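**Q** Quick one: structure below, then a few questions.
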Amino acid sequence: MSTNVLRRKPPAAAWLGENGALVALVVLAAALSLLSSDFLAVTNLLNVGVQAAVTAILAFGATFVIITGGIDLSVGSVAALSAIVLAWTATDTGLPWPLAVVIALAVGLACGLVNAALIAYGKLPPFIATLAMLGVARGLALVISQGSPIAMPETVSHLGDTIGDYLPVPVIVMLLMGVITAVILNRTYSGRAMYAIGGNEEAARLSGINVNRQKLITYALAGLFAAVAGVVLASRLASAQPQAAAGYELDAIAAVVIGGASLSGGKGRAFGTFVGALILAVLRNGLNLLSVSAFWQQVVIGVVIALAVLLDTLRRRATN
Numbered sequence: 074m075s076t077n078v079l080r081r082k083p084p085a086a087a088w089l090g091e092n093g094a095l096v097a098l099v100v101l102a103a104a105l106s107l108l109s110s111d112f113l114a115v116t117n118l119l120n121v122g123v124q125a126a127v128t129a130i131l132a133f134g135a136t137f138v139i140i141t142g143g144i145d146l147s148v149g150s151v152a153a154l155s156a157i158v159l160a161w162t163a164t165d166t167g168l169p170w171p172l173a174v175v176i177a178l179a180v181g182l183a184c185g186l187v188n189a190a191l192i193a194y195g196k197l198p199p200f201i202a203t204l205a206m207l208g209v210a211r212g213l214a215l216v217i218s219q220g221s222p223i224a225m226p227e228t229v230s231h232l233g234d235t236i237g238d239y240l241p242v243p244v245i246v247m248l249l250m251g252v253i254t255a256v257i258l259n260r261t262y263s264g265r266a267m268y269a270i271g272g273n274e275e276a277a278r279l280s281g282i283n284v285n286r287q288k289l290i291t292y293a294l295a296g297l298f299a300a301v302a303g304v305v306l307a308s309r310l311a312s313a314q315p316q317a318a319a320g321y322e323l324d325a326i327a328a329v330v331i332g333g334a335s336l337s338g339g340k341g342r343a344f345g346t347f348v349g350a351l352i353l354a355v356l357r358n359g360l361n362l363l364s365v366s367a368f369w370q371q372v373v374i375g376v377v378i379a380l381a382v383l384l385d386t387l388r389r390r391a392t393n
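Right, here's the structure in full:
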């Protein structure tokens, strides 16, 4: 009998390895439902979905980058800049709101392309390039807004509303962006190229993949998704705030890793990222229901992220 057969995991173990985040989410939800009678209330569950929406959309964009073995620290700042541009163009300049939305999305796309150009052609490490963009985008948001919130047009603010009693628009946008992410990763050449680059960039280049062009596409998508997240967040708040989404890039990266992606690249799924974002939202919501101090909440979230990265490291060691 070959060693490959001997080492093959049982189906249950293989399924658990691929869907560990989903099992963790179910266990977490079950525990919180026992600890708090309010957790399973429909209004609370809808609130969890709305809270997860912005992080999930950012995380979907970060999934592309992390699969290629990169990192993007700028998505929170790009989200804030895009929202500020939307509010400013729709109010101060009087542009029609659909055109203002297009301009805001274009800003996010442009930020992603600049990141990619610095990484692919400037040969800067992704950490440094996106850290620089983090500062530039946040600074531009402060300059344009002069440090003050800008009210969102009422037509755009409806993106933060609920259709009927049980259908929040941010949740719809989140699910739509998740489907788009899954289609790109599983059904397009660029998606397959992302996995190839993350698995072995030199091998991907030798196989004929234009690595630099694919990095442009990858980081552009991350910037575009960040812009969508910024619009959704500003709609929920009914104003664009220059300091909004500060630190969200860390939550986005955490959601991707908790969802089973590898920081070394080559692995990740849209569904896993979605589950990772839900875990963070459920955990925060549950801790709030249990009246846990906000300071201790940071400790708990940090421990969860550390455990997720540790599990990823152990997984990679086991497969090598």
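Under my numbering, the first residue of the sequence shown is numbered 74, with each subsequent residue one higher.
Built from N, CA and C at the ideal position, the CB exists for glycine as well.
Note that the structure is a prediction, hence the values are computed from the model and not measured.
1. GLY349 and VAL338 - do their beta-carbons sit closer together than 8 Å?
2. Contact between the region 275-293 and the region 171-186 is defined here as three or more beta-carbon pairs at a separation below 8 Å; is this criterion met?
3. From ALA153 to ILE201, what does the alpha carbon distance come to, in whole angstroms?
4. Please report how far the alpha carbon of LEU213 lies from the alpha carbon of LEU204, in whole angstroms.
5. Suppose contacts are defined by Cβ-Cβ distances below 8 Å. Is LEU353 in contact with ILE326 by that definition?
6. How big is the Cα-Cα spacing for LEU394 and ARG286?
7. So for ILE176, helix, strand or coil by DSSP?
8. Does the region 357-370 come into contact with the region 136-152, if we say contact requires no fewer than three beta-carbon pairs (one atom in each stretch) closer than 8 Å?
9. Can you tell me whether ILE223 is helix, strand or coil according to DSSP?
10. Which term fits ARG260, buried or exposed, when burial requires 16 or more other beta carbons within 10 angstroms of its beta carbon?
11. Going by DSSP, what residue range makes up the alpha helix (DSSP H) through VAL123?
12. MET206 and SER147: beta carbons closer than 8 Å?
13. Confirm, please, whether the CB-CB distance from PHE112 to LEU119 is below 8 Å.
14. For SER312, name the three-state secondary structure that DSSP assigns.
15. In its own chain, which residues sit with a C-beta less than 7 Å from the C-beta of LEU215, not counting the 5 before and 5 after it?
16. Out of curiosity, what's the CA-to-CA distance linking GLY271 and ALA343?
17. Work out the CA separation of PHE347 and VAL25 for me, nearest whole Å.
18. To the nearest angstrom, report how far apart ALA210 and SER110 are at their CA atoms.
19. Looking at LEU356: is its Cβ nearer than 8 Å to the Cβ of VAL377?
20. Indicate the three-state DSSP secondary structure (helix, strand or coil) for PRO171 in the structure shown.
21. The alpha helix (DSSP H) spanning PRO243 covers which residue range?
22. Under DSSP, the alpha helix (DSSP H) around LEU323 begins and ends at which residues?
23. What is the DSSP secondary structure of ILE217, counted as helix, strand or coil?
24. Locate the alpha helix (DSSP H) running through ASN358, then write down its first and last residues.
25. Check whether the region 303-311 and the region 222-238 are in contact - that is, three or more C-beta pairs closer than 8 Å.
26. Can you list, in chain order, the residues of its chain with a C-beta nearer than 7 Å to that of MET74? Leave out the 5 residues immediately preceding and following it.
27. Return yes when the Cβ of ALA300 is within less than 8 Å of the Cβ of LEU182, no when it is not.
28. Go ahead and pull the three-state DSSP assignment for THR235.
29. Does DSSP put PRO198 in a helix, a strand or coil?
**A** On the basis of the data shown:
1. In the sequence under discussion, the amino acid at residue 338 is Gly, which differs from the Val named in the question. Contact: no.
2. yes
3. 20 Å
4. Approximately 14 Å, taken between the alpha carbons.
5. no
6. This structure cannot speak to residue 394, because the chain is shown only from 74 to 393.
7. helix
8. no
9. strand
10. Exposed is the call here.
11. Note, VAL123: alpha helix (DSSP H), 115-140.
12. Taking 8 Å as the Cβ cut-off, MET206 and SER147 qualify as a contacting pair.
13. no
14. The answer is strand: DSSP assigns SER312 an E or B state.
15. PRO315
16. 16 Å
17. Here the chain covers residues 74 to 393 and nothing more, so residue 25 does not appear.
18. 42 Å
19. yes
20. It is helical.
21. It spans 242-260 - the alpha helix (DSSP H) in which PRO243 sits, taken as one unbroken run.
22. 321-331
23. helix
24. 343-362
25. yes
26. Any answer about MET74 is weak, because its pLDDT of 43 lies below 50 and its placement is not dependable; what the coordinates show is given next. Excluding sequence neighbours, MET74 sits near nothing in its chain.
27. yes
28. strand
29. Three-state DSSP puts PRO198 in coil, outside helix and strand.
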